[in-house]
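Asker: The following block contains the structure, expressed as structure tokens.
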Amino acid sequence: MKVLIAGGAGFIGSTIASCLLDAGHHPVILDNLVTGRREFCAGRSFYEGDIADPAVLDRIFADHPDIEAVVHCAALIVVPESVEHPIRYYRENVSKTLELVDRLIGKGVTRFVFSSSASIYEPGEDFSVHEDSAVSAQSPYARTKLVVEQMLTDIAASTPLRVLSLRYFNPIGADPKMRTGLQLPAPSHALGKLVAAYHAGQPFPVTGLDYPTRDGSGIRDYVHVWDLAGAHLRAVEVFDTLFTDESRYQVINLGTGTGTTVLEFVEAFNQVVDTPVEVQAAPRRPGDSVGAYTRSTRAADLLGWRAEHTVADGIRDSLAWVQQRDRVLPDLDRGQR
1 MKVLIAGGAG FIGSTIASCL LDAGHHPVIL DNLVTGRREF CAGRSFYEGD
51 IADPAVLDRI FADHPDIEAV VHCAALIVVP ESVEHPIRYY RENVSKTLEL
101 VDRLIGKGVT RFVFSSSASI YEPGEDFSVH EDSAVSAQSP YARTKLVVEQ
151 MLTDIAASTP LRVLSLRYFN PIGADPKMRT GLQLPAPSHA LGKLVAAYHA
201 GQPFPVTGLD YPTRDGSGIR DYVHVWDLAG AHLRAVEVFD TLFTDESRYQ
251 VINLGTGTGT TVLEFVEAFN QVVDTPVEVQ AAPRRPGDSV GAYTRSTRAA
301 DLLGWRAEHT VADGIRDSLA WVQQRDRVLP DLDRGQR
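To convert, note that position 28 of the sequence shown is 28 in full-length UniProt numbering; the numbers rise steadily by one, no gaps.
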């Protein structure tokens, strides 16, 4: 099967592409390289361009008229940055997705997998959620994901497009074969900052210890990126079984089903490394939320998918990727991408 991956030069998109390749499928990559990396596209069908550019989409479909599905991973994702620059986030994540979908429908695309986010949920009392839980996006980033989901629901109801929204929890790890991983040298999420603290021999700032959780730190569902990629593989392979004529929009959570607090995550990290990292209390960042974990079985029921990697696996693969990163991505200058 030939699958177009919008944002396929980024962390998650490139890992999905690797998973599809390993399974015998043909990923076609579209990425503007604002955050993605050209190196992740070596040996793959790659088109540099914006998802809202009709010329590049025309070229892709002229070269690959047999594309059978689209996976849309292209988005800006940094929560504090979205608070500072909401217009940019709505333009990139919402407006450009609308333009992309409009043109894909014109190309006859009927299978669309959207990379959504569990950050749109309003957690229950135990911080667990399922696909029908209430939503209450707490940052501009999260709201862009929610708006796109609402937009896609309306579009699927009135066009031939069928949409599967996969709501990610917290990706960690790297491609176990070390082909791809987090492209940023200093990621802003918890594991990135934890790795940086470990290498610098400095305390790790826990941003918020006043949440109503068992230890006061935020709670997350840390899912290995290779497991996420496997879910996308299953999604495109069984896509047609997920829909009926009456139901053209579907949502599936992708998580482990286990809630891990930030302090528990640090403890797991310290069990993997040789020198433990100390923690230091820090204020919440703009847009931060308490977090959530999934209690849904829909991914298993509909996709036949369950997360197979542990939190420790994700930490180990992330640390292994850090050791490989400069070899795979030798330049750190954004202008050289």
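We put the beta carbon where it would ideally sit given N, CA and C, even for glycine.
(1) To the nearest angstrom, report how far apart Ile-67 and Arg-248 are at their CA atoms.
(2) Buried or exposed: which applies to Asp-50, given that a residue is buried once 16 or more other Cβ atoms fall within 10 Å of its Cβ?
(3) Within 10 angstroms of its Cβ, does Asp-274 collect 16 or more other Cβ (buried), or is it exposed?
(4) Just the C-alpha distance for Arg-103 and Pro-54, rounded to the nearest angstrom, thanks.
(5) Cα-Cα, which of Leu-319, Pro-171 and Arg-220 is closest to Arg-295?
(6) Considering Cα atoms alone, identify which of Ala-282, Ile-29 and Val-79 is closest to Ser-14.
(7) Give the C-beta separation of Ser-139 and Leu-152 to the nearest angstrom, bearing in mind that I take them to be a contact with Cβ-Cβ under 8 Å.
(8) Using a 10 Å radius around the Cβ and a threshold of 16 neighbouring Cβ atoms, would you call Gln-323 buried or exposed?
(9) Determine the extent of the alpha helix (DSSP H) in which Ile-77 is found, giving its start and end residues.
(10) Tell me the rounded alpha-carbon separation between Gln-202 and Pro-187.
(11) Using CA atoms only, rank isn't needed, just tell me which of Val-251, Ser-117 and Tyr-222 is closest to Ser-136.
(12) Starting from the C-beta of Pro-176, find all residues in its chain whose C-beta is less than 7 Å away, skip the five residues before and the five after it, and write them out in chain order.
(13) Would you report the Cα separation of Val-148 and Asn-93, rounded to the nearest angstrom?
(14) Note down the Cα distance separating Pro-86 from Tyr-141, rounded to an integer number of angstroms.
(15) For Ala-186, which three-state DSSP category applies?
(16) If you compare alpha carbons, which of Ala-74, Arg-44, Pro-276 and Ile-172 is closest to Thr-260?
(17) Quick check on the DSSP output: what are the complete alpha helix (DSSP H) runs of length 4 or more inside the stretch 119-192, in order along the chain?
(18) Less than 8 Å between the CB atoms is what I'm expecting for Ala-74 and Ala-6, so what's the real figure, rounded?
(19) Roughly how many whole angstroms lie between the Cα atoms of Ile-16 and Tyr-198?
(20) What residue does the beta strand (DSSP E) around Arg-111 start on, and which one ends it?
(21) Of the residues Tyr-90, Val-34, Leu-57 and Arg-214, which one's Cα is nearest the Cα of Thr-144?
(22) Tell me the rounded alpha-carbon separation between Ala-265 and Pro-205.
Answerer: Well, looking at it:
(1) The count along the sequence shown starts at 1 and reaches residue 67 at position 67. The count along the sequence shown starts at 1 and reaches residue 248 at position 248. In a straight line, the C-alpha of Ile-67 is about 20 Å away from that of Arg-248.
(2) Stepping through the sequence shown from its first residue, residue 50 is reached at position 50. Per the 10 Å Cβ criterion, buried.
(3) To locate residue 274, count along the sequence shown from 1; it is residue 274. Counting Cβ neighbours within 10 Å, Asp-274 comes out exposed, since fewer than 16 surround it.
(4) Residue mapping note: residue 103 aligns to position 103 of the sequence shown, counting from 1. Residue mapping note: residue 54 aligns to position 54 of the sequence shown, counting from 1. So the two alpha carbons sit approximately 7 Å from each other.
(5) As a working mapping, residue 295 is identified with position 295 in the sequence shown. Selected option, being the one with the closest Cα: Arg-220.
(6) In the sequence shown, the residue the question calls residue 14 occupies position 14. Of the candidates Ala-282, Ile-29 and Val-79, the one whose C-alpha sits nearest the C-alpha of Ser-14 is Ile-29.
(7) Taking the first residue of the sequence shown as position 1, residue 139 is located at position 139. Taking the first residue of the sequence shown as position 1, residue 152 is located at position 152. Incorrect: roughly 20 Å between the Cβ atoms, too far for contact.
(8) The count along the sequence shown starts at 1 and reaches residue 323 at position 323. By the 10 Å Cβ count, Gln-323 comes out exposed.
(9) Locating residue 77 in the sequence shown gives position 77, counting from the first residue. Careful: Ile-77 lies outside any alpha helix (DSSP H) and carries neither H nor E.
(10) In the sequence shown, residue 202 corresponds to position 202, counting from 1. In the sequence shown, residue 187 corresponds to position 187, counting from 1. About 16 Å.
(11) Locating residue 136 in the sequence shown gives position 136, where the first residue counts as 1. If we check each option's Cα against that of Ser-136, Ser-117 comes out closest.
(12) Walking along the sequence shown from the start, residue 176 turns up at place 176. The answer, listed in chain order, is Trp-226 and Asp-317.
(13) On the sequence shown, position 148 is the one that residue 148 refers to. On the sequence shown, position 93 is the one that residue 93 refers to. For Val-148 and Asn-93, the distance between alpha carbons rounds to 8 Å.
(14) The sequence position of residue 86 within the sequence shown is 86, counting from 1. The sequence position of residue 141 within the sequence shown is 141, counting from 1. Distance between the alpha carbons of Pro-86 and Tyr-141: 8 Å.
(15) Within the sequence shown, residue 186 is the residue found at index 186, counting from 1. Ala-186: coil per DSSP, three-state reduction.
(16) Within the sequence shown, residue 260 is the residue found at index 260, counting from 1. When only C-alpha atoms are compared, the closest one is Ile-172.
(17) Here the runs fully enclosed are 140-158.
(18) As a first step, residue 74 is located in the sequence shown; it is residue number 74 there, counting from the start. As a first step, residue 6 is located in the sequence shown; it is residue number 6 there, counting from the start. Taking C-beta atoms under 8 Å as the contact rule, Ala-74 and Ala-6 qualify, at a distance of about 4 Å.
(19) For the purposes of this step, residue 16 is taken as the residue at position 16 of the sequence shown. For the purposes of this step, residue 198 is taken as the residue at position 198 of the sequence shown. About 29 Å.
(20) Here residue 111 corresponds to residue number 111 of the sequence shown, with the count starting at 1. Note, Arg-111: beta strand (DSSP E), 111-117.
(21) Here residue 144 refers to the residue found at position 144 of the sequence shown. Closest by alpha carbon: Tyr-90.
(22) Walking along the sequence shown from the start, residue 265 turns up at place 265. Walking along the sequence shown from the start, residue 205 turns up at place 205. According to the sequence displayed, residue 265 carries Phe and not Ala. Cα to Cα, the separation comes out at about 13 Å.
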